Each structure stands twice: as structure tokens, then as C-alpha cells.
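Colleague: Mind looking over this structure? Questions follow.
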Amino acid sequence: ANLKVSGYVDMTALTNEHCPPEKLEQSFKGEDYTVEVVYDSSSELPEGATLTVTELTEQTQRYTDTIEEMLDENRGLSSIRLFDISFALNEEAVEPLEGSQVLVNIFFHNGFTLAEEENLEIFHFDDSGGAEKIDGQVENNESVEFSTDSFSVYAVASSAENRAADDRAFIIFDSNNGHGGTVPSRVTTT
Numbered sequence: 008a009n010l011k012v013s014g015y016v017d018m019t020a021l022t023n024e025h026c027p028p029e030k031l032e033q034s035f036k037g038e039d040y041t042v043e044v045v046y047d048s049s050s051e052l053p054e055g056a057t058l059t060v061t062e063l064t065e066q067t068q069r070y071t072d073t074i075e076e077m078l079d080e081n082r083g084l085s086s087i088r089l090f091d092i093s094f095a096l097n098e099e100a101v102e103p104l105e106g107s108q109v110l111v112n113i114f115f116h117n118g119f120t121l122a123e124e125e126n127l128e129i130f131h132f133d134d135s136g137g138a139e140k141i142d143g144q145v146e147n148n149e150s151v152e153f154s155t156d157s158f159s160v161y162a163v164a165s166s167a168e169n170r171a172a173d174d175r176a177f178i179i180f181d182s183n184n185g186h187g188g189t190v191p192s193r194v195t196t197t
């Protein structure tokens, strides 16, 4: 019998269409926080890439620079915590594919202390050092969740939107709130 090929089917495309890509989860436990990430193969993060999180404390110059940048642009901020979130493979930093979605959740074991009328906000610092506010979900002041395709420093800060625009913010460091180093406990306005 003469067999004739009447068409080709791309099996990979078909399979992908019917089986959603496999979800991968990783978490990193810090002193009083846990960061969880969820992503799939569309992020093109290489197999074996591990999530690493470093909280920046004011012992580092990077912390000071980042805080100054934030306060220049956003005067109504108070408590601020900075997290450097990244993926590494064999000690080389790797980034997800631009435009892909990696879901990030930062969970604070003891909650985030807020004054009345304050909200938690999330900021992302790009490579040029600028801070941009990003949309995310905040749950009971215990966790923040957002999607990103770019990893670097993220800040979680409490802010009171109703402060006067010309208020100046400054940070008070509290040396004994259980972080083994000092972190800003409060930023007050003058």
C-alpha cells in the first residue's frame, strides 16, 4: 500500500497546550520570615537554580543607599525591611525569562507592626537603583505576595498615605528587636 503523509503534528506544542507546565516551588527561611516562590517551566529558570534571600541590614552600605533612594521618592514610609531575592545556579545569578511570572510570597512570622491608618507596600529596586512601587496582595499584615520576572532588592514598608507631602521621614533604629542586628523599627516624621 502507498502511504501518503497528509500532515504533521507538533506533539510538544500539543502536549503543552493540554498539560499545563509543571509548577515548581521553593522556599527560603530567614530569621523571622519565609520567602516562597512558585514558577513553572515558562520562566526558563534552569533546573537546579536555588532561591537565596538576604535581608539587608544597616551594617551594609547597600542598605543605606537603598533606604536613601526610597525616602527621597516616598516620604510617607515608616518601618522598612529590605530583602535581596535571587536565584543562583553554581553560584552564578540566573534570572527568569523577561515577561514570565514568578509568584513571590514573603511571610513574616511575627506579623508586621503597623500604626493606625498604615498600609503595607512593596517596592522593587531595579539595577539603576530606582525604587518603584509594585502591586501585590497583603494578607493581615503577615504576608505580601507579588509576581515578578526580575530579581533584586525588594522592600516591604508601612506607609501612611495621609501624611503631609512636606513631611520629612527619618529612621529610628531599634537595636534589640530580635534580628541579631539593628533594623529600623520605626521611621517617624517631623
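Numbering (this note's numbering), first residue to last: 8 to 197. Backbone N, C-alpha and C fix where the C-beta goes; we use that ideal spot for every residue, glycine too. Keep in mind that this is a model prediction, so the values were computed, not measured.
1. Do residue 43 and residue 111 count as a contact pair if the criterion is CB distance below 9 Å?
2. Which partner residues of residue 126 appear in the DSSP bridge assignment?
3. Please look up how many angstroms separate the CB atoms of residue 104 and residue 156, rounded, as I've assumed it's under 8 Å.
4. In the DSSP assignment, the beta strand (DSSP E) including residue 34 goes from what residue to what residue?
5. I'd like to know whether the C-beta atoms of residue 69 and residue 160 end up nearer to each other than 9 Å.
6. Select from 76, 16, 17 and 34 the residue whose C-alpha is nearest the C-alpha of residue 114.
7. Within 8 Å, do at least three Cβ pairs link the region 50-68 to the region 83-98?
8. Pull up the CB-CB distance for residue 59 and residue 107, whole angstroms please, since I reckon it's below 8 Å.
9. Would you mind stating whether residue 158 and residue 98 have Cβ atoms separated by less than 9 Å?
10. Apart from the five residues on each side of it in sequence, which residues of its chain come closer than 8 Å, Cβ to Cβ, to residue 73?
11. Alpha carbon to alpha carbon, how far is residue 119 from residue 15?
12. Taking all protein chains shown into account, decide if residue 174 is buried (16 or more other Cβ within 10 angstroms of its Cβ) or exposed.
13. DSSP three-state call for residue 70: helix, strand or coil?
14. Could you tell me the boundaries of the beta strand (DSSP E) in which residue 112 lies?
15. Is it buried or exposed, residue 10, if we count other Cβ atoms within 10 angstroms and call 16 or more buried?
16. With a Cβ-Cβ cutoff of 9 Å, do residue 95 and residue 122 count as a contact?
17. Based on Cα-Cα distance, which residue from 129, 52 and 147 lies nearest to residue 100?
18. Tell me whether residue 128 is buried or exposed, calling it buried when 16 or more other Cβ atoms sit within 10 Å of its Cβ.
19. Can you tell me whether residue 50 is buried or exposed, with buried defined as 16 or more other CB within 10 angstroms of its CB?
Modeller: Well, looking at it:
1. In the sequence shown, residue 111 corresponds to position 104, counting from 1. In the sequence shown, residue 43 corresponds to position 36, counting from 1. A contact, by the Cβ cut-off of 9 Å.
2. Here the question's residue 126 lines up with position 119 in the sequence shown. Answer is 166, bridged to residue 126.
3. Sequence index remark: in the sequence shown, residue 104 carries index 97 (1-based). Sequence index remark: in the sequence shown, residue 156 carries index 149 (1-based). Residue 156 and residue 104 do touch by the CB rule: their CB atoms are close to 7 Å apart, below 8 Å.
4. By one-based count along the sequence shown, residue 34 stands at place 27. First-last of the beta strand (DSSP E) with residue 34: 30-36.
5. On the sequence shown, position 62 is the one that residue 69 refers to. On the sequence shown, position 153 is the one that residue 160 refers to. Closer than 9 Å, so yes.
6. By one-based count along the sequence shown, residue 114 stands at place 107. The shortest Cα separation from residue 114 among 76, 16, 17 and 34 belongs to 34.
7. Because the criterion of three Cβ pairs below 8 Å is met, the region 83-98 and the region 50-68 touch.
8. Numbered from its first residue, the sequence shown carries residue 59 at position 52. Numbered from its first residue, the sequence shown carries residue 107 at position 100. 19 Å between Cβ atoms; not a contact.
9. The residue given as residue 158 occupies position 151 in the sequence shown. The residue given as residue 98 occupies position 91 in the sequence shown. In this structure, residue 98 does not lie closer than 9 Å to residue 158 by Cβ.
10. For the purposes of this step, residue 73 is taken as residue 66 along the sequence shown, with counting starting at 1. Correct list, in chain order: 63, 89, 132, 136, 138, 160 and 162.
11. Mapped onto the sequence shown, residue 119 falls at position 112. Mapped onto the sequence shown, residue 15 falls at position 8. The straight-line gap from Cα to Cα measures roughly 57 Å.
12. By 1-based counting over the sequence shown, the position of residue 174 is 167. Confidence is the limiting factor: at residue 174 the pLDDT is only 43, short of 50, which leaves the residue's position unreliable, though a coordinate-based value still follows. Classification of residue 174: exposed, given that the 10 Å Cβ count is below 16.
13. Walking along the sequence shown from the start, residue 70 turns up at place 63. Helix, per DSSP.
14. As a working note, residue 112 is residue 105 in the sequence shown. Residues 109-115.
15. Counting from 1 along the sequence shown, the entry for residue 10 is found at position 3. Burial is judged here by how many other beta carbons sit within 10 angstroms of a residue's own beta carbon; residue 10 has fewer than 16 and is exposed.
16. Here residue 95 refers to the residue found at position 88 of the sequence shown. Here residue 122 refers to the residue found at position 115 of the sequence shown. No.
17. The residue you call residue 100 lines up with position 93 of the sequence shown. Nearest C-alpha to residue 100 among 129, 52 and 147: 52.
18. Along the sequence shown, one-based indexing puts residue 128 at 121. Its Cβ being crowded by 16 or more others within 10 Å, residue 128 is buried.
19. One-based indexing of the sequence shown puts residue 50 at position 43. By the neighbour-count rule (16 or more Cβ atoms within 10 Å), residue 50 is buried.
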